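Notes follow once the structure below has been shown.
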Amino acid sequence: MNHHAVAGQTGGRIMAVALIVAAIALAIATSQISYAFSSDPLGPRFFPYALALALGLCAIWYLVSPGAADAPPDRIGVLNLVGAAVLSVVTVGLMPYLGFLISMGVLASGLAWLFNGTPPLALLSGFGQSALWWFVFEKLLGSNLPRGPLGF
Amino acid sequence: MSLDYLWHGFGVALLPQNLMYGLIGCFLGTMIGCLPAIGPINGIALLLPIAYTAGLPPESTLILLASVYYGAEYGGRISSILLNVPGDAGAVMTTIDGNPMARAGKATEALVISGVSSFYGGMIAVVLITFLAPVFGLIAIKFGPAEYFVLMVFAFATLSSMVGHEPVKTLLGCIFGLTLTTIGIDATSGAYRFTFGSPELHDGIEFIVLVIGLFSISEVLLLLEQHAAGVLRPLKVTGSYPTWAMLRSIWWTAVRSTGIGFVVGVLPGTGASVASAVAYTTEKRINDRTGTFGKGDIRGVAAPEAANNAAATGAFVPMLTLGVPGSGTTAVMLGALMLYNIQPGPQLFTEQPALVGGLVASMYVGNILLLVMNLPLVRVFVSALLLPNWILIPGIMLLSILGVYTAYSSVMSVFIMFGIGAVGYLLRKLGFDMAPIVLGFVLGKVMETNLRNALAISGGEIGILFESPLTKLLWAMAIAIVLVPWFISRRRAKQAQPAA
Numbered sequence: 001m002n003h004h005a006v007a008g009q010t011g012g013r014i015m016a017v018a019l020i021v022a023a024i025a026l027a028i029a030t031s032q033i034s035y036a037f038s039s040d041p042l043g044p045r046f047f048p049y050a051l052a053l054a055l056g057l058c059a060i061w062y063l064v065s066p067g068a069a070d071a072p073p074d075r076i077g078v079l080n081l082v083g084a085a086v087l088s089v090v091t092v093g094l095m096p097y098l099g100f101l102i103s104m105g106v107l108a109s110g111l112a113w114l115f116n117g118t119p120p121l122a123l124l125s126g127f128g129q130s131a132l133w134w135f136v137f138e139k140l141l142g143s144n145l146p147r148g149p150l151g152f
Numbered sequence: 153m154s155l156d157y158l159w160h161g162f163g164v165a166l167l168p169q170n171l172m173y174g175l176i177g178c179f180l181g182t183m184i185g186c187l188p189a190i191g192p193i194n195g196i197a198l199l200l201p202i203a204y205t206a207g208l209p210p211e212s213t214l215i216l217l218a219s220v221y222y223g224a225e226y227g228g229r230i231s232s233i234l235l236n237v238p239g240d241a242g243a244v245m246t247t248i249d250g251n252p253m254a255r256a257g258k259a260t261e262a263l264v265i266s267g268v269s270s271f272y273g274g275m276i277a278v279v280l281i282t283f284l285a286p287v288f289g290l291i292a293i294k295f296g297p298a299e300y301f302v303l304m305v306f307a308f309a310t311l312s313s314m315v316g317h318e319p320v321k322t323l324l325g326c327i328f329g330l331t332l333t334t335i336g337i338d339a340t341s342g343a344y345r346f347t348f349g350s351p352e353l354h355d356g357i358e359f360i361v362l363v364i365g366l367f368s369i370s371e372v373l374l375l376l377e378q379h380a381a382g383v384l385r386p387l388k389v390t391g392s393y394p395t396w397a398m399l400r401s402i403w404w405t406a407v408r409s410t411g412i413g414f415v416v417g418v419l420p421g422t423g424a425s426v427a428s429a430v431a432y433t434t435e436k437r438i439n440d441r442t443g444t445f446g447k448g449d450i451r452g453v454a455a456p457e458a459a460n461n462a463a464a465t466g467a468f469v470p471m472l473t474l475g476v477p478g479s480g481t482t483a484v485m486l487g488a489l490m491l492y493n494i495q496p497g498p499q500l501f502t503e504q505p506a507l508v509g510g511l512v513a514s515m516y517v518g519n520i521l522l523l524v525m526n527l528p529l530v531r532v533f534v535s536a537l538l539l540p541n542w543i544l545i546p547g548i549m550l551l552s553i554l555g556v557y558t559a560y561s562s563v564m565s566v567f568i569m570f571g572i573g574a575v576g577y578l579l580r581k582l583g584f585d586m587a588p589i590v591l592g593f594v595l596g597k598v599m600e601t602n603l604r605n606a607l608a609i610s611g612g613e614i615g616i617l618f619e620s621p622l623t624k625l626l627w628a629m630a631i632a633i634v635l636v637p638w639f640i641s642r643r644r645a646k647q648a649q650p651a652a
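Top line first, the protein sequences correspond to chains A and B. Residues 1 to 152 in the numbering used here are what the first sequence lists, from first letter to last. Residues 153 to 652 in the numbering used here are what the second sequence lists, from first letter to last.
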């Protein structure tokens with residue numbers, strides 16, 4: 001068995017343990033669902049309990065035979081993924097304050113740069129796309145996109 | 153039923169102004185369908201007030217709105233095939249074989265096959281509406297909670313065909329999807345389930361948020377990783393059209409899937425996503441002898457596309473015959489009829505022949521328009537794949553955020569989509585398919601609600617699930633769809649043994 005397959009199997013086993021914990025958490029959270037009255041004999045807890053049981057059993061099966069999986073990303077891959085995630089969360093979080101056009105322009109430019117666009121082209125493409133979709137959704141389709149201090 | 157209304161209808165639908173409204177609707181629908189998350193319901197909700205204030209007669213309004221609706225079913229497949237991002241709910245299954253075809257350089261073939269299957273599905277379904285609408289309307293009202301529950305059991309049974317060489321991952325995917333449906337306020341008891349005090353979760357996880365997160369965001373993350381590792385290659389586009397033999401070979405797949413799609417579409421509350429899922433899994437059950445489904449089989453593209461168009465057409469049956477909408481989109485159209493003081497119901501066919509006939513005739517015309525319009529546009533759509541990644545991938549990201557934000561006007565929904573996308577990325581890395589998760593999600597809520605409603609009606613007596621002839625038929629079909637292929641493969645193995 002090669003190094004990648006072993007790394008993939010380890011990933012599968014970690015996921016299986018996480019799923020077993022999730023099944024237990026689901027069962028505990030289900031026991032805490034409170035309701036005064038239900039018009040049906042099963043009530044709101046039956047389905048989640050059944051699912052927690054099924055999830056737990058399948059997760060044990062998965063732990064025993066995790067099967068094939070891809071190798072985890074290398075260091076540069078992880079850096080790229082973390083960078084994209086942080087950029088996305090920050091720009092979307094700032095969208096109500098900066099407005100759609102600016103925040104999404106920054107996000108699209110940043111992603112374009114991560115995909116090897118040269119900085120001027122990344123900025124042009126990022127802000128160009130942001131402006132295009134802002135125009136389509138705000139002006140043509142009448143959606144209410146977040147407005148920044150400049151009104152767009 | 154006399155077909156006079158239809159001849160009358162062709163007179164209405166072929167009027168130059170109505171042809172123009174049909175053409176505009178088909179074009180807008182295709183474009184709306186292309187955009188992830190901007191489903192037909194948004195397009196119709198936008199156009200209805202414009203059409204009404206512009207003083208369009210009711211039949212023209214209905215023709216315009218209906219052509220947006222089935223245009224979107226055509227358009228939804230385009231981003232599914234090219235980008236692995238479903239354009240609408242009914243196009244989720246099209247990603248399974250459509251995107252592998254595009255990756256293998258066969259995007260043109262996949263788009264033409266899906267366009268032609270959509271045409272087959274739409275056309276056969278209109279013929280069914282023309283002759284059998286009232287009959288199907290009567291079947292739809294025989295479906296109570298018990299029948300719906302068993303129908304969902306049947307849909308899950310068809311899923312057994314999705315079980316590949318790692319059944320545990322398919323099962324876990326399904327359970328994951330089912331679990332997500334339990335989030336939100338429970339409709340039967342009013343209990344808050346797993347909302348953790350967040351008002352955004354009161355209505356549960358929205359379908360659009362789930363699908364865009366699982367498919368689109370996880371795709372962007374995977375592409376980013378491949379790019380960093382230097383293994384992301386530009387896609388080849390050969391541009392060859394499918395042969396006549398290929399188009400003929402999908403005929404029976406399209407016929408079977410249309411039948412499934414139409415029946416599921418007629419039933420209120422199910423819709424194109426369930427229809428395409430059941431059609432795909434059934435087709436895989438019947439035809440996947442060499443394990444090509446999921447790797448770019450043309451029948452895997454044809455089945456969901458024929459089914460989702462048939463379901464979109466079928467959804468008109470309960471709306472026109474009973475005044476009960478078969479989907480969210482037809483609910484808005486029902487509102488359009490009421491805006492014009494027209495009461496839908498069985499008498500509609502006799503009292504408003506121009507309206508019903510015009511609508512049905514416009515479906516024949518609209519399907520032809522869509523096919524004629526879509527085939528030459530295939531090359532334009534495919535050229536999107538030739539854009540460099542630094543333009544294409546930020547574009548996918550922006551459209552995903554826009555799709556969710558415009559639907560719910562909430563930044564929190566976008567964050568939930570990101571979270572689901574990250575989980576989707578992890579699961580895809582670990583070899584999980586996204587389709588079982590979506591199917592568990594689509595079927596789960598209908599299943600739980602109807603099981604509980606059925607048992608509430610019977611006072612806890614489980615026999616209600618087996619009583620009516622329809623439930624018996626559905627149980628028999630569910631058992632057959634699991635057991636028959638198993639028996640057939642056993643018999644084949646036995647026959648092969650003496651020969652060997």
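Ideal Cβ placement from N, Cα and C applies to all residues, glycine included. The structure displayed is predicted, hence computed values, not measured ones.
Below-8 angstroms beta-carbon distance, residue i vs any chain B residue
{"i": "A/Ile24", "result": "no"}
{"i": "A/Gly148", "result": "no"}
{"i": "A/Phe135", "result": "no"}
{"i": "A/Tyr62", "result": "yes"}
{"i": "A/Ile33", "result": "yes"}
{"i": "A/Met1", "result": "A caution first: A/Met1 carries a pLDDT of 48, below 50, which makes its placement in the model too unreliable to give a value."}
{"i": "A/Phe47", "result": "yes"}
{"i": "A/Ala131", "result": "no"}
{"i": "A/Leu93", "result": "The sequence given here places Gly at residue 93 of chain A; Leu does not occur at that position. A/Gly93 counts as touching chain B."}
{"i": "A/Phe37", "result": "yes"}
{"i": "A/Ala84", "result": "yes"}
{"i": "A/Val89", "result": "yes"}
Member of the options whose CA lies at the smallest distance from the CA of residue i
{"i": "A/Pro41", "options": "B/Gly612, B/Ile616, B/Ala632, B/Gly509", "result": "B/Gly612"}
{"i": "A/Ser31", "options": "A/Leu141, A/Ala50, A/Gln129, A/Gly128", "result": "A/Ala50"}
{"i": "B/Leu166", "options": "B/Met490, B/Gly250, B/Tyr516", "result": "B/Tyr516"}
{"i": "A/Leu53", "options": "A/Ala23, A/Val78, A/Ala69, A/Gly43", "result": "A/Ala23"}
{"i": "A/Ala71", "options": "A/Gly12, A/Pro146, A/Ser109", "result": "A/Gly12"}
{"i": "B/Ile589", "options": "B/Phe283, B/Val264, B/Gly573", "result": "B/Gly573"}
{"i": "B/Ala467", "options": "B/Arg408, B/Thr623, B/Met485", "result": "B/Met485"}
{"i": "B/Arg441", "options": "B/Pro238, B/Tyr221, B/Ile640, B/Gly185", "result": "B/Ile640"}
{"i": "A/Pro149", "options": "A/Ile102, A/Leu123, A/Gln129", "result": "A/Ile102"}
{"i": "B/Ala256", "options": "B/Val563, B/Ile215, B/Ile450, B/Leu419", "result": "B/Ile450"}
{"i": "B/Asn519", "options": "B/Pro168, B/Pro238, B/Thr444, B/Ala462", "result": "B/Ala462"}
{"i": "B/Trp542", "options": "A/Val86, A/Gly83, A/Gln129", "result": "A/Gln129"}
{"i": "B/Leu208", "options": "B/Ala224, B/Thr182, B/Met172", "result": "B/Met172"}
{"i": "B/Ser216", "options": "B/Ile230, B/Pro201, B/Arg229", "result": "In the sequence as presented, Ser is not what sits at residue 216 of chain B; that position holds Leu. Among B/Ile230, B/Pro201, B/Arg229, the Cα nearest to that of B/Leu216 belongs to B/Pro201."}
{"i": "B/Arg437", "options": "B/Gly417, B/Val634, B/Ile369", "result": "B/Val634"}
{"i": "B/Leu303", "options": "B/Gly223, B/Asn439, B/Ala427, B/Leu399", "result": "B/Ala427"}
{"i": "B/Glu299", "options": "B/Lys624, B/Gln647, B/Arg642", "result": "B/Lys624"}
Chain A within 8 angstroms of residue i, Cβ atoms only
{"i": "B/Ala608", "result": "yes"}
{"i": "B/Thr484", "result": "A small correction: the amino acid at residue 484 of chain B is Val; Thr does not occupy that position in the sequence shown. Judged by the 8 angstroms Cβ criterion, B/Val484 is not in contact with chain A."}
{"i": "B/Phe533", "result": "no"}
{"i": "B/Val563", "result": "yes"}
{"i": "B/Leu284", "result": "no"}
{"i": "B/Gly452", "result": "no"}
{"i": "B/Val127", "result": "With chain B running from 153 to 652 in the structure shown, residue 127 of chain B is simply not present."}
{"i": "B/Gly612", "result": "yes"}
{"i": "B/Tyr300", "result": "no"}
{"i": "B/Val220", "result": "no"}
{"i": "B/Glu435", "result": "no"}
{"i": "B/Val305", "result": "no"}
{"i": "B/Glu600", "result": "yes"}
Beta-bridge partners of residue i, as assigned by DSSP
{"i": "B/Ile337", "result": "B/Tyr344"}
Presumed contact (8 angstroms Cβ cut-off) between residue i and residue j, rounded CB distance
{"i": "B/Leu591", "j": "B/Ala459", "result": "At roughly 14 angstroms, the Cβ-Cβ gap does not stay under 8 angstroms, so B/Leu591 and B/Ala459 are not in contact."}
{"i": "B/Thr558", "j": "B/Phe367", "result": "No, B/Thr558 and B/Phe367 are not in contact; Cβ-Cβ is about 18 angstroms, not under 8 angstroms."}
{"i": "B/Ser269", "j": "B/Gly250", "result": "Going by Cβ atoms, the distance from B/Ser269 to B/Gly250 rounds to 11 angstroms, so no, they are not a contact pair."}
{"i": "B/Leu626", "j": "B/Phe308", "result": "Wrong, their Cβ atoms sit about 12 angstroms apart, outside the cutoff."}
Within 7 angstroms of chain A by C-beta, residues of the segment 373-403 of chain B in sequence order: Answer set for the segment 373-403 of chain B: Leu373, Leu376, Glu377, His379, Ala380, Ala381.
Name, going along the chain, the residues of the segment 335-348 of chain B whose beta-carbon falls closer than 8 angstroms to a beta-carbon of chain A. Near chain A, meaning a CB-to-CB distance below 8 angstroms, the residues of the segment 335-348 of chain B are Asp338, Thr340, Ser341, Gly342, Ala343, Tyr344, Arg345, Phe346.
Closer than 8 angstroms between beta carbons: that is the criterion. Which residues of the segment 536-567 of chain B meet it against chain A? Result list: Pro540, Asn541, Trp542, Ile543, Ile545, Pro546, Gly547, Met549, Leu550, Leu551, Ile553, Leu554, Tyr557, Thr558, Ser561, Val563, Val566, Phe567.
Check each residue of the segment 361-372 of chain B: if its Cβ is closer than 7 angstroms to any Cβ of chain A, include it; give the result in chain order. Result list empty, no residue passes.
Closer than 9 angstroms between beta carbons: that is the criterion. Which residues of the segment 214-248 of chain B meet it against chain A? For the segment 214-248 of chain B, the set of residues with a beta-carbon nearer than 9 angstroms to any beta-carbon of chain A is empty.
Could you please tell me which residues of the segment 617-633 of chain B, in chain order, have their CB closer than 9 angstroms to any CB of chain A? Answer set for the segment 617-633 of chain B: empty.
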